[in-house]
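Participant: The following block contains the structure, expressed as structure tokens.
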Amino acid sequence: TLAPAPSTCSLERFIHHYGDIFEHSPWVANAAWNEGLSEVHNTPDALADLMGRMLQQATPEQQIAVIQAHPDLAGKAALAGELTQDSSREQAGAGLDQCTPEEFSRFEQLNAAYKEKFGFPFVIAVKGLDRHAILAAFEARLHNDLMQERDAAIEQIIRIARFRLSVRAEQP
Ligand code: GUN
Numbered sequence: 008t009l010a011p012a013p014s015t016c017s018l019e020r021f022i023h024h025y026g027d028i029f030e031h032s033p034w035v036a037n038a039a040w041n042e043g044l045s046e047v048h049n050t051p052d053a054l055a056d057l058m059g060r061m062l063q064q065a066t067p068e069q070q071i072a073v074i075q076a077h078p079d080l081a082g083k084a085a086l087a088g089e090l091t092q093d094s095s096r097e098q099a100g101a102g103l104d105q106c107t108p109e110e111f112s113r114f115e116q117l118n119a120a121y122k123e124k125f126g127f128p129f130v131i132a133v134k135g136l137d138r139h140a141i142l143a144a145f146e147a148r149l150h151n152d153l154m155q156e157r158d159a160a161i162e163q164i165i166r167i168a169r170f171r172l173s174v175r176a177e178q179p
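Each step along the sequence shown adds one to the number in UniProt numbering, with nothing skipped, and position 72 is 79.
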């Protein structure tokens with residue numbers, strides 16, 4: 008279970024420990040705390056469900072702001088070591104720090120094409136995927152329309168949050 012137990016946290020303490028579960032978007036944790044946290048929310052899955060619901064219920068503008076808070080995959084910020092600890096670990100876990108020069112330039116092209124089409128960065132839960140699978144998903148999702156892709160990105164962001172919470176529960 009999570010430590011500190013969410014149900015025991017003041018708002019300030021909750022944001023301190025869980026405010027970064029959604030990339031640069033502590034308002035999601037704030038909204039979850041405002042729902043009233045009880046003992047049932049002390050597991051990673053239950054807290055992820057609640058926080059995910061807060062994001063699903065947000066306005067399209069708020070959802071897009073959360074998507075926009077994500078760094079590019081295998082992008083310049085990653086190369087420069089400017090990511091959050093979670094992002095850095097996730098991208099390295101998928102081997103994105105080991106791309107060949109050709110793969111980096113493929114990511115660069117796709118990141119640019121995707122942002123040109125949708126106005127926000129491509130976000131995917133990379134746990135369990137290698138860079139070849141990520142590139143294949145990237146190319147497939149470029150064919151979506153804007154609303155499909157906004158919904159897909161939000162779903163992926165909630166998966167990322169669930170994974171981040173499960174990692175926190177293992178190593179408090
Ligand atoms: N999926 C998991 N982590 C990240 C990230 O840092 N950026 C993007 N775009 N997708 C991710």
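C-beta: ideal position from N, C-alpha, C; glycine also. A quick note: this is a predicted structure, and the numbers were derived from the prediction, not measured.
1. With a threshold of 8 Å, establish whether the CB of Glu-97 neighbours any heavy atom of the ligand GUN.
2. Could you tell me whether any non-hydrogen atom of the ligand COA is closer than 8 Å to the CB of Ile-71?
3. Taking the alpha-carbon positions, what's the Leu-117 to Gln-69 distance?
4. For the candidate residues Gln-105, Leu-153, Leu-80, whose alpha-carbon lies nearest to that of Gly-126?
5. With DSSP run on the structure shown, which of helix, strand or coil describes Phe-170?
6. State yes or no: is the C-beta of Gln-163 nearer than 8 Å to some heavy atom of the ligand GUN?
7. What are the boundary residues of the alpha helix (DSSP H) that His-77 is part of?
8. If we count the other Cβ atoms within 10 Å of its Cβ and call it buried at 16 or more, is Pro-13 buried or exposed?
9. Taking the CB atoms as reference points, tell me whether Pro-128 and His-77 lie closer together than 9 Å.
10. Rounded to whole angstroms, what is the Cα-Cα separation between Ile-28 and Ile-141?
11. I'd like to confirm something about Val-130: is its beta-carbon nearer than 8 Å to some heavy atom of the ligand GUN, or not?
12. Please state if the CB of Arg-138 and the CB of Gly-102 are separated by a distance shorter than 9 Å.
13. Heavy atom of the ligand GUN less than 8 Å from the Cβ of residue 181, yes or no?
14. Confirm, please, whether the CB-CB distance from Ile-164 to Val-73 is below 9 Å.
15. Kindly list the residues whose CB is nearer than 8 Å to the CB of Glu-42, restricted to its own chain and excluding five residues on each side of it in sequence; keep chain order.
16. Would Leu-86 and Ala-120 be called neighbours here (beta carbons separated by less than 9 Å)?
Facilitator: Once the coordinates are examined:
1. yes
2. Annotation note on the ligand COA: not contained in the displayed structure, which lists the ligand GUN as its ligands.
3. 24 Å
4. Leu-153
5. helix
6. yes
7. Neither: His-77 is in no alpha helix (DSSP H) and is coded neither H nor E.
8. buried
9. yes
10. The alpha-carbon atoms of Ile-28 and Ile-141 are separated by roughly 22 Å.
11. yes
12. yes
13. Coverage of the chain is limited to positions 8 through 179, which leaves residue 181 absent and any answer about it impossible.
14. yes
15. Leu-57, Met-61
16. no
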